[in-house]
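Q:
There are 2 protein chains.
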Amino acid sequence: MADTLAELAAQLRVDSIRATTAAGSGHPSSSMSAADIVAVLFQKYLRFDFQNPKAPDNDRFVLSKGHACPVLYAAFKAVGAIDDAELLSLRKLGSRLEGHPNPHVLPLVDVATGSLGQGLAVGVGMALMARLDQRSFRTYVMMGDSETAEGSVWEAFDKASHYQLDNLCALIDMNRLGQSGPTELGWNDEAYVARARAFGWHALAVDGHDLGAIDRALAEAQSTKGKPTCLIFKTEKGHGYSLIANKEGWHGKPLPEDKAREAIQELGGERHLRIEVKKPEATRPAPQESAAPLKLPGYATDEKVATRKVYGDALKALGDAHPDLVALDAEVSNSTYSEELREAHPRRYFEMYIAEQNMVSSGVGMAVLGKRVFISTFAAFLSRAYDQIRMAAVSNATLHLCGSHAGCSIGEDGPSQMGLEDLAMMRAVAGSTVLYPSDANQTAALMAHLVDLPGISYLRTTRAKTPVLYSATEKFPIGGCKVLRRSDKDVATIVAAGITLHEALDAHARLQESGVSVRVIDLYSVKPVDVKTLRQAARETQGRLIVVEDHWAEGGLADAVLEAFSDEPQPLPVVKRLAVRTLPGSGKPEELLSAAGIDAEHIVQAVMALKDAPGPTDAPEAKASRPRGRKNA
Amino acid sequence: MADTLAELAAQLRVDSIRATTAAGSGHPSSSMSAADIVAVLFQKYLRFDFQNPKAPDNDRFVLSKGHACPVLYAAFKAVGAIDDAELLSLRKLGSRLEGHPNPHVLPLVDVATGSLGQGLAVGVGMALMARLDQRSFRTYVMMGDSETAEGSVWEAFDKASHYQLDNLCALIDMNRLGQSGPTELGWNDEAYVARARAFGWHALAVDGHDLGAIDRALAEAQSTKGKPTCLIFKTEKGHGYSLIANKEGWHGKPLPEDKAREAIQELGGERHLRIEVKKPEATRPAPQESAAPLKLPGYATDEKVATRKVYGDALKALGDAHPDLVALDAEVSNSTYSEELREAHPRRYFEMYIAEQNMVSSGVGMAVLGKRVFISTFAAFLSRAYDQIRMAAVSNATLHLCGSHAGCSIGEDGPSQMGLEDLAMMRAVAGSTVLYPSDANQTAALMAHLVDLPGISYLRTTRAKTPVLYSATEKFPIGGCKVLRRSDKDVATIVAAGITLHEALDAHARLQESGVSVRVIDLYSVKPVDVKTLRQAARETQGRLIVVEDHWAEGGLADAVLEAFSDEPQPLPVVKRLAVRTLPGSGKPEELLSAAGIDAEHIVQAVMALKDAPGPTDAPEAKASRPRGRKNA
């Protein structure tokens, strides 16, 4: 066995070199340091059915140091999951073997890695799901030493011990060298051990090139109960090829062909060893809770209800109906109202404390194992996890994010708590859906859509109680909007959502008293946006749109509205943007809405000013100077 | 003294109650737990000239648990920096005393807090500046226990010991209770001590309501050399009022008036004690390096140079000219080229390793002490610190951020490394400036602007070498753009920046060969955007704009361009957006630009398609159905 392991490890190194040299880029040295650990893990410990990578009893392996993927791809070759030709397609257009692992194209990996320091948090989510479903699989996360500088790693260390995840094992490839120079802690394995222990883990230092020691350490991890285990492997970057082993200057550099030949020779030449990974025993999963029929909450139109409260109400209702729904919150469940899920289904609520990065990545780990994952905190604090949200999309994960307390309308707490950039942030996530409901029944209906919606979605909720506008039977398709006020005489369209929709309705009423009619659109679906209705409203209201949003002027509602007027020749509206443009302070919600110029009074003023201005097609400059047709072409 | 301290501590509690009850919101219980610590610190340890809060020898005090600001404001009253009437203006519109500390209005604080877990990193930056300038001030950071769940806190712990910051002292108010329930670690002060020690700190547990013990602990911190000190104070939330002391359910709740009266009575009534804080001794600062005249790098127009390389070249040149310039990088200085500053001025380069959150907040700490701060990493990884960037703007700090390796044009490394949301993210920062240069001389010129520009700025650089387009003497005002190709016969305008500008120029050349003239605009200033030139181009090129960006379609160049056509009645162009719309993979840069539809070939196709489509004013639907003028009003 030791011979086989040594041969396998050499093969992983050789194949890491072959693949990166063929690609002309990549990270052979970071792969070579990890090869012995991967060899022992795959040959002796991992239980995985490579014919069925999503089998629920498979152990999970997360390569948090994603740049070392050549060693993982080499292991996939050794187990027969890919062939040698595919291995050599690394980093080429159309290859499943991207520069960092990507489950969009390679289902053998569960999540995308490459933004360092996120893998352990993903592993925490997976290990929590094993516990929830009473499955015996183990989760292994391989990290680089450099990435332990990321705070997200310590959030995950903290949560793993808090939840006593003895089914989780962290493997730190302590190769001493980062990208631009030595790491902070070098080969100080005592420091790593002390930190892991202080965070409640079983931890030990191991020679990462001693196959027997690796074997014993993994066995010890497996038999350690009540706490997770962290193995700190002392390794050499580039181990196996004397020219680069433990040398600076070889991060992220493929070997030139002559050096590759030399290295492969030093490593004993090419091999095409094929190993068998043991399949997991199928466990009988925990009997799933029975699913109740969905009973969405409904609200009477004479009530005032905060949309954040409805998030909690609907989350509980959806949790009743979907036994695979889980919720996470960052210690503000009494503000976001996710506490309603906790109270109804305590096993499926995960308190992630004030650690938003770990919350999102753990949610990804749960989602890729098939759970419906809802995550909530203040909208402002989701910005803490933007990299994790971005990577969740690269991971092709489905996550439902809810940000409460959005906008200056939160009032007295001041700008640090306001969430004025969340729409911009969430619109710019690959394939995301962005919703901003304005009333209770709408929020509940949208939640019912979300529970089945793939990809990253975002629901923006409001702190204040607002009037219920819609009946509980109204439909709210994603990508739609609601025309709440309309007449044949509308001189402009007000587009609003959430808190500002109520200001828009108030403005409509005041304008009506002055004999001025305006259209009012509730743009609850910010992405995708309802192109057809917006275009129609522009056509029918003299090409005048006023977009009102409790968000910075950039990246939010107005930018979303203007998307609807792109790409096809058509009449374009005059768009007046009412948005937050200077930093709000503390004050009453209505004072801050006024100070930002986004309350009913300012909307009325904007309508009156726009009404008296020339329409887009009346602009004299346009008529005078714009060339017509194609006469100059 | 002990009596005075007890009286002062009681006053801080009473005033925290008075202010929050008057406000009708706020966090008295979180203030009361910290009152004894603040009393001893302000009375005996802090050296601060309240007449001159920005004096360079003042100790710094950062209240990381910003929600406990009532106790800080109460201390400001006790030292005479504010009066009682102002204290009672807490959280009211126009008051300097916002719900969380905000230096925009209250210069007595250096930074905004309220997004938890950022204060210690700010303190690291301040302590590093004391070291750099050989000043003897100390930096105190008061944290809540809940916020130690944030990974950013451990990034700061790590950096503080790495840099042996014995002038930094962390004060943890371990009051056991978070917002929605008990903290993870409760009163387990041994766990906190073990974690701080494992991260290289001197640490001790202290009774946070024993004035003598607090005094001795602060003295021990002051005399501890070679490492920072962390004091873990065991406290009770709401201490001093038996009804709420150490009780759940009192987070963020003001006392009703009757309970406030009862509490104040229990605390011995109102007091208006006035204490003197000792002023610091003026130190003779380190002799500043002499400033060389600015010699910006220049590049010949037959060169190909990567804009990221120019960032390094210009940073070094600006560093020569400005002795108060410092740079931070997250262990990728050989990719961003900030290594050039490190090589030239090693004392002013700070390696922050792979910990972007701490990097940004430490930069804020340096900036608010008057340094010119440049921060660089991959554009993708600035998303890791979005909350910190957001808060830097709330702090009114000036930070120059540079994100390299932006867009799918980085090639083989794949989507985890691409930075496709950075423009959206940075546009939606309060008062930000967003620049995206396309050539070497432009990058250098923009860097020269940035060094004097207040607020948060962002410079997006490109991995690949690109042709030099401009002479070294060309001017590039912020808010401007460059019309690089124009004729009287232009049938459309192509707006591009960075890597896509070179594709646009290529497209222009190909179209020219087919007899089709287009305008090409280099939109290097994404925020603010050049409204006048864009409007003129639209007027003069038949109202047709094609915006091409190596960024998601949301929040980037196209959204910025459409801003220019808002708010005033005018003809709006047909805008065709060429942007990244599906997740890129690995491949050669040119392959990925093509796959995303943003290369020269796709631009040519878009021009030809648009050229043959009816112009905006020719749209038949518009003519038929749009009501004219105000006839319906």
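One line per chain: the protein sequences are E and Y, in this order. Residue 156 in the working numbering sits at position 136 of the first sequence; the count goes up by one each step and never skips. Residue 222 in the working numbering sits at position 202 of the second sequence; the count goes up by one each step and never skips. C-beta atoms are modelled at their ideal positions from N, C-alpha and C, and glycine is treated no differently. Small disclaimer: the values here were computed from a predicted structure and weren't measured.
(1) How is the beta strand (DSSP E) around E:Ile192 delimited, first residue to last?
(2) Quick check on Y:Gly649: buried or exposed, where buried means 16 or more other Cβ atoms within 10 Å of its Cβ?
(3) Which residues in chain Y have a C-beta closer than 8 Å to the C-beta of E:His182? List them in chain order.
(4) So that I know if they touch, is there some Cβ in chain E lying closer than 9 Å to that of Y:Val125?
(5) Hey, is Y:Asp235's beta-carbon within less than 9 Å of any beta-carbon in chain E?
(6) Between the beta-carbon of E:Thr482 and the beta-carbon of E:Ser458, is there less than 9 Å?
(7) Strictly by DSSP, which residues pair up with E:Met163?
(8) Under 8 Å by Cβ, that's how I've got Y:Glu432 and Y:Ser606 pegged, so tell me the actual separation to the nearest angstrom.
(9) By Cβ distance below 8 Å, which residues in the same chain neighbour Y:Lys608 in space, the five residues on each side in sequence not counted?
(10) Spatial neighbours of Y:His469 within its chain, please: C-beta separation below 7 Å, excluding the five flanking residues on both sides.
(11) Under 8 Å between beta-carbons, which chain Y residues line up against E:Gly3? List them in chain order, please.
(12) Roughly how many angstroms separate the alpha carbons of E:Glu574 and Y:Lys552, rounded to a whole number?
(13) Would you list, in chain order, the members of the stretch 475-504 of chain E that have their beta-carbon closer than 8 Å to a beta-carbon of chain Y?
(14) Indicate the three-state DSSP secondary structure (helix, strand or coil) for E:Gly390 in the structure shown.
(15) Would you verify that the beta carbon of E:Tyr406 is, or is not, closer than 9 Å to some beta carbon of chain Y?
(16) Just how far apart, CA to CA, sit Y:Leu108 and Y:Ser45?
(17) E:Trp572 bridges to which residues according to DSSP?
(18) Under 8 Å: do the stretch 72-90 of chain E and the stretch 51-63 of chain E share three or more Cβ pairs, one atom per stretch?
(19) Going by beta carbon distance, what residues of the same chain come within less than 8 Å of E:Ala584, once the five residues before and after it are set aside?
(20) Could you check what DSSP says for Y:Lys502 in three-state terms: helix, strand or coil?
(21) Between Y:Leu287 and Y:Tyr261, which are expected to be in contact by the criterion C-beta below 8 Å, what is the C-beta distance as a whole number of angstroms?
(22) Can you name, in chain order, every residue of its own chain whose Cβ lies under 7 Å from the Cβ of E:Asp349, other than the five neighbours on each side?
(23) Quick one: any contact between the stretch 529-549 of chain Y and the stretch 499-512 of chain Y, if contact means 3 or more CB pairs under 8 Å?
(24) Quick one: give me the first and last residue of the alpha helix (DSSP H) that Y:Val91 is part of.
(25) In angstroms, rounded to a whole number, what distance separates the CA positions of Y:Ala29 and Y:Trp207?
(26) Name, please, each residue of chain Y whose Cβ falls closer than 9 Å to the Cβ of E:His120.
(27) Give me the Cα-Cα distance between E:Thr203 and E:Arg196, rounded to the nearest whole angstrom.
(28) So who's on the other strand from E:His420, going by DSSP bridges?
(29) Looking at the structure shown, is Y:Asp5 part of a helix, part of a strand, or coil, going by DSSP?
(30) Taking 9 Å as the CB-CB limit, is Y:Asn195 close to chain E?
(31) For chain E, is any of its Cβ atoms less than 9 Å away from the one on Y:Tyr456?
(32) Using the beta-carbon count (16 or more within 10 Å), is E:Lys336 buried or exposed?
(33) Please classify Y:Asn378 as buried or exposed, where buried requires at least 16 neighbouring CB atoms within 10 angstroms.
(34) For E:Leu92, tell me which candidate among E:Pro48, E:Arg67, E:Ser135 has the shortest Cα-Cα distance.
(35) Please report whether the beta-carbon of E:Leu270 lies at a distance below 9 Å from any beta-carbon of chain Y.
(36) So is the beta-carbon of Y:Ala101 under 8 Å away from any non-hydrogen atom of the ligand ZN?
A: In brief:
(1) E:Ile192 -> beta strand (DSSP E) spans 188-194.
(2) For Y:Gly649, the predicted model reports a pLDDT of 31, less than 50, meaning its position is unreliable; a value from the coordinates is still stated below. The residue in question, Y:Gly649, is exposed, as its Cβ has fewer than 16 Cβ neighbours within 10 Å.
(3) For E:His182, the neighbours in chain Y by C-beta distance under 8 Å run, in chain order, Glu204.
(4) Yes, its Cβ sits closer than 9 Å to a Cβ of chain E.
(5) Taking a beta-carbon distance threshold of 9 Å, Y:Asp235 does not count as an interface residue toward chain E.
(6) Yes, they are a contact pair.
(7) Partner(s): E:Ile192.
(8) Yes, they are in contact, since the Cβ atoms of Y:Glu432 and Y:Ser606 sit about 5 Å apart, within 8 Å.
(9) Taking C-beta separations shorter than 8 Å and ignoring five residues to either side along the sequence, the partners of Y:Lys608 in its chain run Gly431, Glu432, following chain order.
(10) Excluding the 5 residues flanking it on each side, Y:His469 has same chain C-beta neighbours closer than 7 Å at Ile498, in chain order.
(11) In the structure as shown, chain E begins at 21 and stops at 653. Residue 3 of chain E is therefore absent and cannot be evaluated.
(12) If you take the alpha carbons of E:Glu574 and Y:Lys552, they lie about 19 Å apart.
(13) Residues of the stretch 475-504 of chain E whose Cβ lies closer than 8 Å to any Cβ of chain Y: none.
(14) Residue state, collapsed to three classes: coil.
(15) Output row for E:Tyr406: interface = yes.
(16) Rounded to whole angstroms, Y:Leu108 to Y:Ser45 spans 12 Å at the Cα level.
(17) DSSP, once it has assigned bridges, lists E:Val600 as partnering E:Trp572.
(18) Proximity of the stretch 72-90 of chain E to the stretch 51-63 of chain E meets the contact definition, three or more beta-carbon pairs being nearer than 8 Å.
(19) Closer than 8 Å at the Cβ level, and outside the excluded window around E:Ala584, lie Val549, Asp550, Val551, Leu554, Arg555.
(20) In the structure shown, Y:Lys502 sits in a strand (DSSP, three-state: E or B).
(21) The beta-carbon distance between Y:Leu287 and Y:Tyr261, rounded to whole angstroms, is 7 Å. This is short enough to meet the 8 Å contact definition.
(22) Here E:Asp349 has Thr356, Ser358, Glu371, Met372, Ser396, Thr397 as same chain residues with Cβ atoms under 7 Å from its own Cβ, once five neighbours each way along the sequence are excluded.
(23) Contact between the stretch 529-549 of chain Y and the stretch 499-512 of chain Y is established, with three or more Cβ pairs separated by less than 8 Å.
(24) That run of the alpha helix (DSSP H) goes 89-98.
(25) Between Y:Ala29 and Y:Trp207, the C-alpha separation is close to 22 Å.
(26) Against E:His120, the close residues of chain Y are Asp433, Gly434, Pro435, Ser436, Gln437, Ser606, in the order they occur along the chain (beta-carbon pairs closer than 9 Å).
(27) E:Thr203 and E:Arg196: Cα-Cα distance of roughly 6 Å.
(28) According to DSSP, E:His420 bridges with E:Phe394, E:Ser477.
(29) With chain Y represented from 21 up to 653, any question about residue 5 of chain Y goes unanswered, as that position is not in the structure.
(30) At a cut-off of 9 Å between C-beta atoms, Y:Asn195 does not count as an interface residue with respect to chain E.
(31) Contact with chain E is absent for Y:Tyr456, since none of that chain's Cβ atoms lies less than 9 Å from the residue's Cβ.
(32) Buried is the call here.
(33) With 16 or more other Cβ atoms within 10 Å, it is buried.
(34) Measuring from the Cα of E:Leu92, the nearest candidate turns out to be E:Pro48.
(35) In the sequence on display, residue 270 of chain E carries Trp and not Leu. False, the Cβ-Cβ gap to chain Y never drops below 9 Å.
(36) For the structure depicted, the ligand ZN is absent and the ligand set is empty, with no information on it obtainable.
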